[in-house]
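Chemist: For the protein sequence lines, the chains are Z and Y, in the order given. With the first sequence counted from 1, adding 141 to any position gets you the numbering used here. With the second sequence counted from 1, adding 2 to any position gets you the numbering used here. Even glycine gets a Cβ: it sits at the ideal position worked out from N, Cα and C.
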Amino acid sequence: MSALFFDQFSDEPVLIKPYESIGDDVVLAYDRDALKNGTMSSVRQIVDAVGQPFLAIDGLNFADQWFGLEINLGNNFRAAKVTLKTYPARQIYPKVYFDGGFLDMSTLEVGEEVTEVNFTARHMAQAGLIDGAQDLRLSLMVPSCDWFAIGLYGVKIIHA
Amino acid sequence: MPKISFLLPIYNGDAYLAETMDSLLAQTHDDFDVVVIDDGSTDDTAAIIAEYDDPRIKYHHKKNGGLVSALNVALDMMDCELVARIDADDVCASDRLVRQAAFMDFTQAVAVSGRAVNIDPSGNVLGINAPEQDFFRVDAGFIPAREPYLPHPFLMARLGVLRDIGGFRHAHLAEDTDLCWRLSQVDRIALQTAVLGKYRIHETSISNASTVGGRVQAFYSQLATLNAVRRDGGLDEVPYKFTMDEAKAIATSFDALVAAFADDLSEAEAAHLRAASVMKYFDISNWRYHQITREDLAYARGALAAVAISDENKEKVEQILTPLKVRQPELFTG
């Protein structure tokens, strides 16, 4: 399991530094030097049209940088479920890092509708993840764009 | 003060007013009112509004002065955080305000809009508005311009921002395009894919009234784009110096419209405006069904030949002409 830090955020935006945690094992990932170029992110907790709370991540990205979520999957990983939406609709590039390398997963399209994206150890193995890889991290990266919003509803990680 | 106010301008539009009002008062949002600005109607508008015994309705009657005047009078008197535009012949989905307010909160945009189901005068469904693809690839130099256009009947915007940018201006029949350019230049605007209501298309829509109206709308939309370019470059805008009636009298041709502003335009701007305006007119004709003439087509070819356009833009020109070739094949033969 992974819990987003809903309690730490109100509807007032809070500036989030690169690689700062917004949940257990969940960080906002962007270049540590990007702040100098005006790239930044803030987080609020708000509700959607049906009253469902989510973390609204607002990104300004004036530099040519990637920006996204990084989720620590640890060892003995079985599955991860990320529930999110974005505006504008974006291609999201999932990448799995492990000790000694990384693996690109199939690109996802996420837009305004809340979307549940699932990653399983079995799919990663089919995509070429070596057996017994340790210290897995899932990176969901958004390509550079001037501004975007991500609505993060939940991150769930299941271990064996 | 309510969080949201509907802004409903009306001029002799009693035919569908009750249906529109019913849809506004049925909103699931619990913090809104309805500002009806009656621009000197002589029909049953006042009587229809009077039948509603609802404190959320604020009715104001003014001397006829046109749409821009009505909208700006309303902006001056409104007291709310968000303005939700609606026309007197359109219908809101009951969750429009809830969905739009949530979308604004999520995106932190100062203005948003969404999609609508197109209906005919009897309410029969004609289709759903296609997403505005140009919104995500704005290009003021394109022919016609790729505009940051938010469909106006379902616009929601921050009242403070609307006031700060000077409200609506006399870019006749393209007031909404002019507004969108200015909004996009001061802050973030966003377009929702959600269907927020029904948009009625009928013969008496003001922008559908005539080919003269079509020319005026097309020309002023491209002039609004030129002004956006000028603002970006720190230059003075081309003033919107004519009344609606004057603009319609001038609009015997695109040459006449451009000539009326010649003192304020460079030769390159005038050439671009001719080509962009006539292609915008053709584009509008594909859904407003203006009759295009052989003279229009010859004029467009000449105007396009006078400007340099990219291969991508040439493809767009062909895309605009394709439906016309189907609708009026006689223009392309002989």
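Can you check whether the C-beta of Y:V2 is within less than 8 Å of a C-beta belonging to chain Z?
Modeler: With chain Y represented from 3 up to 336, any question about residue 2 of chain Y goes unanswered, as that position is not in the structure.
Chemist: For the ligand HEM, is there any heavy atom lying closer than 7 Å to the beta carbon of Z:V251?
Modeler: Of the ligands one can find in the structure shown there are none, so the ligand HEM has no counterpart to examine.
Chemist: Roughly how many whole angstroms lie between the Cα atoms of Y:R145 and Y:V112?
Modeler: Within the second sequence, the letter at position 143 stands for residue 145 of chain Y. Within the second sequence, the letter at position 110 stands for residue 112 of chain Y. Contrary to the premise, residue 145 of chain Y reads as Ile rather than Arg in this sequence. Between Y:I145 and Y:V112, the C-alpha separation is close to 27 Å.
Chemist: Around the Cβ of Y:S212, are there at least 16 other Cβ atoms within 10 angstroms (buried) or fewer (exposed)?
Modeler: For the purposes of this step, residue 212 of chain Y is identified with residue 210 of the second sequence, where counting begins at 1. Exposed, because fewer than 16 other Cβ atoms sit within 10 Å of the Cβ of Y:S212.
Chemist: With the cut-off set at 8 Å, would you say Y:E83 and Y:I6 are in Cβ contact?
Modeler: Position 81 of the second sequence, counted from the start, is the residue given in the question as residue 83 of chain Y. Position 4 of the second sequence, counted from the start, is the residue given in the question as residue 6 of chain Y. Yes; because the gap between Cβ atoms is below 8 Å, this pair is in contact.
Chemist: In three-state DSSP terms, what is Y:C338?
Modeler: Because chain Y here runs from 3 to 336, residue 338 of chain Y falls outside it and cannot be looked at.
Chemist: Along the beta strand (DSSP E) that carries Z:P194, what are the first and last residues, could you check?
Modeler: Locating residue 194 of chain Z in the first sequence gives position 53, where the first residue counts as 1. 194 to 201 is the extent of the beta strand (DSSP E) around Z:P194.
Chemist: Could you work out which residue in Y:D141, Y:D56, Y:N66 is closest to Y:T227 when comparing CA atoms only?
Modeler: In the second sequence, counting from the first residue as 1, residue 227 of chain Y sits at position 225. The option with the nearest alpha carbon to Y:T227 is Y:D141.
Chemist: Whole-angstrom Cβ separation of Y:K64 and Y:V36, contact assumed at under 8 Å?
Modeler: Residue mapping note: residue 64 of chain Y aligns to position 62 of the second sequence, counting from 1. Residue mapping note: residue 36 of chain Y aligns to position 34 of the second sequence, counting from 1. Incorrect: roughly 16 Å between the Cβ atoms, too far for contact.
Chemist: In chain Y, which residues lie with their C-beta within 7 Å of the C-beta of Z:G228?
Modeler: Taking the first sequence and counting its residues from 1, the one referred to as residue 228 of chain Z is at position 87. Residue identity differs from the one stated: residue 228 of chain Z is Tyr in this sequence, not Gly. What Z:Y228 touches in chain Y: F108, T109, A192.
Chemist: When the cut-off is 8 Å and only beta carbons count, does Z:G209 lie next to chain Y?
Modeler: Looking up residue 209 of chain Z in the first sequence gives position 68. No - not a single Cβ of chain Y is within 8 Å of the one on Z:G209.
Chemist: For Y:V127, which residues of its own chain have a beta-carbon under 7 Å away from its beta-carbon, when the five flanking residues on both sides are left out?
Modeler: Residue numbering aside, residue 127 of chain Y sits at position 125 when the second sequence is read from its first letter. Within the same chain, Y:V127 has close Cβ partners V119, I121.
Chemist: Is it buried or exposed for Y:A132, if we count other Cβ within 10 angstroms and need 16 for buried?
Modeler: The residue given as residue 132 of chain Y occupies position 130 in the second sequence. By the neighbour-count rule (16 or more Cβ atoms within 10 Å), Y:A132 is not buried but exposed.
Chemist: Among Y:P153, Y:W289, Y:E239, which residue has its Cα nearest to the Cα of Y:D92?
Modeler: The residue given as residue 92 of chain Y occupies position 90 in the second sequence. Of the listed residues, the one whose Cα sits closest to Y:D92 is Y:P153.
Chemist: Tell me the residue span of the alpha helix (DSSP H) that contains Y:R329.
Modeler: Position 327 of the second sequence, counting from 1, holds the residue named residue 329 of chain Y. Start and end: 313 to 329.
Chemist: Report the residue ranges of all alpha helix (DSSP H) runs contained in full by the segment 210 to 268 of chain Y; include only those spanning at least 4 residues, in chain order.
Modeler: The segment 210 to 268 of chain Y contains these whole alpha helix (DSSP H) runs: 213 to 234, 246 to 252, 256 to 262.
Chemist: Residues of chain Y with CB under 8 Å from Z:G273, in chain order?
Modeler: One-based indexing of the first sequence puts residue 273 of chain Z at position 132. Neighbours of Z:G273 on chain Y: none; closest Cβ ~41 Å, over 8 Å.
Chemist: Hey, how far is the Cα of Y:V240 from the Cα of Y:V319?
Modeler: For the purposes of this step, residue 240 of chain Y is taken as the residue at position 238 of the second sequence. For the purposes of this step, residue 319 of chain Y is taken as the residue at position 317 of the second sequence. Roughly 26 Å separates the two Cα atoms.
Chemist: Starting from the beta carbon of Y:A104, find every residue of chain Z whose beta carbon is closer than 7 Å, and list them in chain order.
Modeler: The residue given as residue 104 of chain Y occupies position 102 in the second sequence. What Y:A104 touches in chain Z: D189, A190.
Chemist: Of all the beta strand (DSSP E) runs that stay within the bounds of the segment 146 to 172 of chain Z, which reach a length of 3 or more residues?
Modeler: Qualifying beta strand (DSSP E) stretches, in chain order: 155 to 157, 162 to 164, 167 to 171.
Chemist: Is the beta carbon of Z:I291 less than 8 Å from the beta carbon of Z:A221?
Modeler: Here residue 291 of chain Z is taken as the residue at index 150 of the first sequence, counted from 1. Here residue 221 of chain Z is taken as the residue at index 80 of the first sequence, counted from 1. Not a contact, by the Cβ cut-off of 8 Å.
Chemist: Would you kindly check if the distance between the Cβ of Z:L244 and the Cβ of Z:L270 is under 8 Å?
Modeler: As a position in the first sequence, residue 270 of chain Z is number 129, starting the count at 1. As a position in the first sequence, residue 244 of chain Z is number 103, starting the count at 1. Against a cut-off of 8 Å, the Cβ pair of Z:L244 and Z:L270 comes out as a contact.
Chemist: Using DSSP with H/G/I as helix, E/B as strand and the rest coil, what is Y:S207?
Modeler: Working through the second sequence from its first residue, we reach residue 207 of chain Y at position 205. With a pLDDT of 43 at Y:S207, under the threshold of 50, the predicted position of this residue should be treated as unreliable, and no value is reported.
Chemist: Write down the C-beta distance between Y:D40 and Y:T47 rounded to the nearest angstrom, noting that I regard them as a contact closer than 8 Å.
Modeler: Translated into the one-based positions of the second sequence, residue 40 of chain Y becomes position 38. Translated into the one-based positions of the second sequence, residue 47 of chain Y becomes position 45. Right, the Cβ-Cβ distance comes to about 5 Å (below 8 Å), so this counts as a contact.
Chemist: Hey, does Y:F138 have any beta-carbon neighbour from chain B nearer than 8 Å?
Modeler: Absent from the structure: chain B. Protein chains present are Z and Y.
Chemist: Quick one: grab the DSSP three-state call for Y:W183.
Modeler: In the second sequence, counting from the first residue as 1, residue 183 of chain Y sits at position 181. Looking at Y:W183 - three-state DSSP - the assignment turns out to be helix.
Chemist: Which residues in chain Y sit within 8 Å of Z:D199, going by Cβ to Cβ distance?
Modeler: Residue 199 of chain Z sits at position 58 when you count from the first residue of the first sequence. Within chain Y, the residues near Z:D199 are Q110.
Chemist: Can you list the residues of chain Z that Y:D97 reaches, using a CB-CB cut of under 8 Å?
Modeler: To locate residue 97 of chain Y, count along the second sequence from 1; it is residue 95. Result: A190.
Chemist: Start and end of the alpha helix (DSSP H) containing Z:S280?
Modeler: Along the first sequence, one-based indexing puts residue 280 of chain Z at 139. First-last for Z:S280: 277 to 283, but that is the beta strand (DSSP E), not the alpha helix (DSSP H).
Chemist: Considering only DSSP beta bridges, list what Z:H300 is partnered with.
Modeler: Taking the first residue of the first sequence as position 1, residue 300 of chain Z is located at position 159. Bridge partners of Z:H300: Z:F218.
Chemist: Measuring only between beta-carbons, confirm whether Y:T245 sits less than 8 Å from chain Z.
Modeler: Looking up residue 245 of chain Y in the second sequence gives position 243. It does not; no Cβ of chain Z falls within 8 Å.
Chemist: Going along chain Y, which residues have a C-beta under 7 Å from Z:E253?
Modeler: If you number the first sequence from 1, residue 253 of chain Z lands on position 112. Residues of chain Y passing the Cβ test: Q194, T195.
Chemist: Comparing the C-beta of Z:A221 with each C-beta of chain Y, is any distance below 8 Å?
Modeler: As a working note, residue 221 of chain Z is residue 80 in the first sequence. No, no contact with chain Y.
Chemist: Helix, strand or coil: which one does DSSP assign to Y:T195?
Modeler: For the purposes of this step, residue 195 of chain Y is taken as the residue at position 193 of the second sequence. DSSP places Y:T195 in strand when its eight states are reduced to three.
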